[in-house]
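This report refers to the structure that appears directly beneath it.
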Amino acid sequence: MLVVVLFAGYGLGRLNGGTTDPQAATPAGTRQPTPTASAFDESQPHTHGTTAPIGSTGRGAAVGGLSLSGDGLTLTPLITTFPGGRPQRLDFTINGPGGAPVTTYDVVHDKPLHLIVIRRDLTGFQHLHPVMAADGTWSVDLTLAEPGVYRMIADFTAVVGGERLVSTLGSDLTVAGDYTPVTLPDPARATTVDGLQVGYEGTPVTESTQPLLMTVTDSAGRPVTVEPYLGAFGHLVVLRQGDLGYVHVHPETQLVDGKVKFWLAAPSPGTYRMFFDFQVAGKVSTAAWTVVVS
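For the sequence shown, the positions run 1 to 294 when the UniProt record's numbering is used.
Structure (structure tokens):
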């Protein structure tokens, strides 16, 4: 009778195509988390522009900002030419598949949209937060100091037809005039900004996700308290020289011996500029380093 029962169960499984509940087939202790309203658990370290945990592909982090259109969304700046050294309003929309501006966004790290602006020689970095009007037009006052071609990179999660689209789109802005590219500083692990000394430990590679620990001290080398900024103890933007491939990484939710801990898998070999936004005593500062990934 036992043999008959076993064969009957096998036959029913074959008739059902052999399909099973994927959760039931997952070994105990490895059950996947239930999806939430966000495209990814924002409390975990990860990169923007993708819903995958950092380094999960084994091929480095995915880069964003290389295209003005993707997933049916299109970044449309209303003006792309700016005067040098004077503020001008930057207006743009994120248009959906039907061509109309998107008006609904998830708030991610305290803001519905993060805007990075940088010149193509990786100078003049700005991390801005435009304001959206009811018609879906985003606006921010922008000053581009020197002549050259700049990249604007919009980082957001749009809600279109009930679907959340995590996206990072980019477009160029131009300041007319004589342009002389600036040579990047040599790679270094420490820098000084706003009277603070900022250094990092760790080495980014492409094959695996590696920890990067940021340390902030005063001019005498004494540790200072890093405060939460935009829902995290810091934000790390990594931009690749040449095409400005963009990675935005969030840190662990707790400091590690007073240090801000990120996890990063470099997208590819090459030269990068890392920008670390952090807050001390209510003031936001940005430390920058040149990194060569072999």
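Glycine included, C-beta positions come from ideal geometry on N, C-alpha and C. Treat the numbers as computed from the prediction; the structure is a model and nothing was measured.
Strand pairing of residue i, partner residues [DSSP]
i      : result
Pro223 : Thr217
Asp172 : Arg151
His129 : For His129, which the question treats as bridged, DSSP gives no partner whatsoever.
Glu163 : Val160
Ser69  : Thr74
Thr81  : Thr174
Leu212 : Phe262
Leu113 : Phe156
Reduced DSSP secondary structure (H/G/I, E/B, other) of residue i
i      : result
Ala154 : strand
Ala61  : coil
Gly245 : coil
Ala134 : coil
His250 : coil
Ala232 : strand
Asp141 : strand
Ala100 : coil
Thr192 : strand
Thr184 : According to the sequence provided, residue 184 is Leu. The question's Thr does not apply to it. Reduced to three states, the DSSP call for Leu184 is coil.
Host beta strand (DSSP E) of residue i (start-end)
i           : result
Val238      : His235 to Arg240
Pro77       : Leu73 to Pro77
residue 342 : With the chain covering 1 to 294 only, the question about residue 342 has no answer from this structure.
Lys261      : Val260 to Leu264
Pro204      : Pro204 -> no beta strand (DSSP E), and no H or E assigned at all.
Thr180      : Careful: Thr180 lies outside any beta strand (DSSP E) and carries neither H nor E.
Tyr105      : From DSSP, Tyr105 is part of no beta strand (DSSP E); its letter is neither H nor E.
Asp277      : Gly270 to Val280
Pro87       : Pro87 to Asn95
Val292      : Lys283 to Val293
CB contact flag (residue i, residue j, <9 Å)
i      : j      : result
Glu201 : Val280 : no
Val63  : Arg273 : no
Asp110 : Gly231 : yes
Leu78  : Ser69  : no
Val193 : Ala265 : no
Ala158 : Tyr105 : yes
Asp155 : His250 : no
Pro187 : Val292 : yes
Leu113 : Met132 : yes
Supposed close pair residue i, residue j - CB separation, criterion 8 Å
i      : j      : result
Thr174 : Ile153 : Actually they do not touch by this definition, with Cβ atoms about 16 Å apart.
Arg237 : Ile116 : Reading off the sequence shown, one finds Val at residue 237, where the question assumed Arg. 6 Å between Cβ atoms; contact.
Thr217 : Gln210 : At roughly 23 Å, the Cβ-Cβ gap does not stay under 8 Å, so Thr217 and Gln210 are not in contact.
Leu66  : Gly270 : Leu66 to Gly270, Cβ: 14 Å. No contact.
Thr286 : Asp172 : In fact, because the Cβ distance is near 22 Å, the residues do not count as touching under 8 Å.
Pro130 : Trp138 : 4 Å
Ser268 : Thr206 : 6 Å
Pro83  : Asp141 : Contact flag wrong, Cβ pair sits at about 13 Å.
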